[in-house]
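Reviewing the structure listed below.
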Amino acid sequence: MSQPTDHPGRSLRQRLLPYLTKASHISAPFISTFLLVHLTAPAIANVGGSGLSSMTMILGREYYQTAIGEPWLVFTPLAIHAMSGVVRRVLLVLPRLWRGITNPDSDPTKNTASYHWLSSSFTPLTLSAYPLLFLFPIHFAIHRILPMTPSPPIHSLGPAELDFNFVAHGLKTWPIRSWLMYGALIGCATVHAVEGSKVLMQKWNSKCRVGKDRLPLHVPESEEPPLTETKLSHLDKTKPRTRIPTSAVAAVLSLPVLSGLYFISTEPTWVFADTAKRFDAIYLMSWVYRL
Numbered sequence: 113m114s115q116p117t118d119h120p121g122r123s124l125r126q127r128l129l130p131y132l133t134k135a136s137h138i139s140a141p142f143i144s145t146f147l148l149v150h151l152t153a154p155a156i157a158n159v160g161g162s163g164l165s166s167m168t169m170i171l172g173r174e175y176y177q178t179a180i181g182e183p184w185l186v187f188t189p190l191a192i193h194a195m196s197g198v199v200r201r202v203l204l205v206l207p208r209l210w211r212g213i214t215n216p217d218s219d220p221t222k223n224t225a226s227y228h229w230l231s232s233s234f235t236p237l238t239l240s241a242y243p244l245l246f247l248f249p250i251h252f253a254i255h256r257i258l259p260m261t262p263s264p265p266i267h268s269l270g271p272a273e274l275d276f277n278f279v280a281h282g283l284k285t286w287p288i289r290s291w292l293m294y295g296a297l298i299g300c301a302t303v304h305a306v307e308g309s310k311v312l313m314q315k316w317n318s319k320c321r322v323g324k325d326r327l328p329l330h331v332p333e334s335e336e337p338p339l340t341e342t343k344l345s346h347l348d349k350t351k352p353r354t355r356i357p358t359s360a361v362a363a364v365l366s367l368p369v370l371s372g373l374y375f376i377s378t379e380p381t382w383v384f385a386d387t388a389k390r391f392d393a394i395y396l397m398s399w400v401y402r403l
């Protein structure tokens with residue numbers, strides 16, 4: 113992968129932006145792989161119930177919850193992706209916003225263009241990222257950090273005890289909050305993944321086109337295939353591309369996960385009374401469920 117080139121006349125902000133974009137793009141496939149493994153487990157409940165979902169989740173943890181896999185395949189890409197995206201957005205938005213505030217009458221045309229750019233920069237890709245910065249830490253704390261609390265009544269629940277009975281318990285005890293949390297997380301994550309994949313595909317296709325343009329253009333006449341009238345007419349016609357809306361793709365990806373969670377919530381939870389109290393204590397340690 114080519115490295116961004118520095119130009120002496122460019123500012124620090126202009127030199128940083130290509131590197132931040134690269135960091136965001138390189139970390140994205142790792143996060144997509146994690147999401148695919150992580151969300152497969154609840155989707156499996158559509159065909160096998162919570163038992164098969166729990167087995168799938170335990171198998172998936174062999175990829176993303178090991179001593180090496182979790183810090184390097186999950187935490188590091190997530191941190192790089194979030195930090196590079198936030199810093200890049202700040203470097204893009206703040207200068208234009210500051211220019212409009214400090215010099216409102218210096219150049220009305222330029223200020224109008226800046227405000228138009230700011231309004232158009234809030235795309236589904238960026239709008240779906242902001243809720244994730246708020247929701248993911250809450251989700252991670254409830255399902256990963258708080259269960260390891262050693263004090264009573266939790267007593268450090270192990271990974272084997274945190275199966276989909278824990279998820280079903282939350283959905284049954286706090287249905288509105290839990291459904292809002294899971295629905296917003298899954299919806300924003302799928303929209304962000306679909307929009308991000310479109311950006312990466314467009315970038316990759318543009319690089320492929322540039323690579324083709326650099327190939328030698330001269331072809332010996334003996335090797336040139338004859339252009340028939342059919343081929344010429346085919347070259348003149350441009351086929352319209354059918355674009356599927358992002359919302360439709362995100363809905364198709366989210367629906368099996370959400371319906372799997374629904375089936376999990378309707379099943380009876382096979383846990384002892386003291387385990388249910390430990391589940392309650394974990395949820396109530398989060399301010400979302402304590403309010």
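Quick note on our numbering: the sequence shown kicks off at 113 and runs consecutively.
Heads up, the beta-carbon is just placed ideally off N, CA and C, and yes, glycines get one too.
Closest by C-alpha distance to residue i, when choosing among the options
i: Val400; options: Gly270, Phe278, Thr261 and His251; result: His251
i: Leu147; options: Tyr395, Glu379, Ser366 and Phe384; result: Ser366
i: Trp382; options: Val361, Pro207 and Phe276; result: Phe276
i: Thr378; options: Tyr395, Thr285 and Arg402; result: Thr285
i: Leu247; options: Leu206, Phe142 and Ser290; result: Ser290
i: Tyr175; options: Leu206, Thr145 and Leu128; result: Thr145
i: Tyr294; options: Leu128, Ile257 and Pro368; result: Pro368
i: Pro380; options: Val279, Leu292, Ile288 and Trp316; result: Val279
i: Leu292; options: Tyr374, Glu307 and Ser318; result: Tyr374
i: Pro141; options: Asp386, Gly308, Thr387 and Leu206; result: Gly308
i: Pro207; options: Gln177, Leu124 and Lys134; result: Leu124
i: Arg355; options: Lys310, Leu128, Trp184 and Gln177; result: Lys310
i: Pro130; options: Tyr395, Pro249 and Leu204; result: Leu204
i: Ile257; options: Arg127, Val364 and Gln177; result: Gln177
Contacts around residue i, its chain only, beta-carbon distance under 6 Å, and the 5 residues preceding and following it disregarded
i: Ser139; result: Pro189, Ile192 and His193
i: Ser268; result: Met260 and Pro262
i: Pro265; result: Lys389, Arg390 and Ala393
i: Ile156; result: Leu164, Ser165 and Thr168
i: Ser162; result: Phe276, Ile376 and Glu379
i: Asp386; result: none
Whole-angstrom C-beta distance between residue j and residue i, which should lie under 8 Å
i: Val303; j: Pro236; result: 6 Å
i: Leu274; j: His255; result: 7 Å
Contact set for residue i: own chain, Cβ-Cβ below 7 Å, skip 5 residues either direction
i: Gly197; result: Ser136 and Ala241
i: Ala132; result: Note on residue identity: the sequence assigns Leu, not Ala, to residue 132. These residues qualify, in order along the chain: Ser196, Val199 and Arg200.
i: Pro243; result: Ala296 and Cys300
i: Gly181; result: Tyr175
Assigned exposure category for residue i - 16 Cβ within 10 Å defines buried
i: Gly372; result: buried
i: Gly282; result: buried
i: Val149; result: buried
i: Ala362; result: buried
i: Pro154; result: buried
i: Ser404; result: The structure shown has nothing for residue 404, since the chain only spans 113 to 403.
i: Leu151; result: buried
i: Gly270; result: exposed
i: Val202; result: exposed
i: Ile288; result: exposed
i: Val159; result: exposed
i: Ala179; result: exposed
i: Val306; result: buried
i: Phe384; result: exposed
i: Ile143; result: buried
i: Glu341; result: Only weak support is given to the placement of Glu341: the predicted model assigns it a pLDDT of 43, under 50, and the question is left unresolved by the model.
Cβ neighbours of residue i in the same chain (closer than 8 Å, five flanking residues each side left out)
i: Phe253; result: Per the sequence shown, the amino acid found at residue 253 is Ala instead of Phe. These residues qualify, in order along the chain: Ser398.
i: Ala272; result: Ile170
i: Arg173; result: Pro271
i: Leu312; result: His137 and Ala140
i: Leu245; result: Ala194 and Val198
i: Pro183; result: none
i: Lys315; result: His137
With contact counted as at least three CB pairs below 8 Å, one residue from each stretch, are the region 296-310 and the region 379-395 in contact? No, the region 296-310 is not in contact with the region 379-395.
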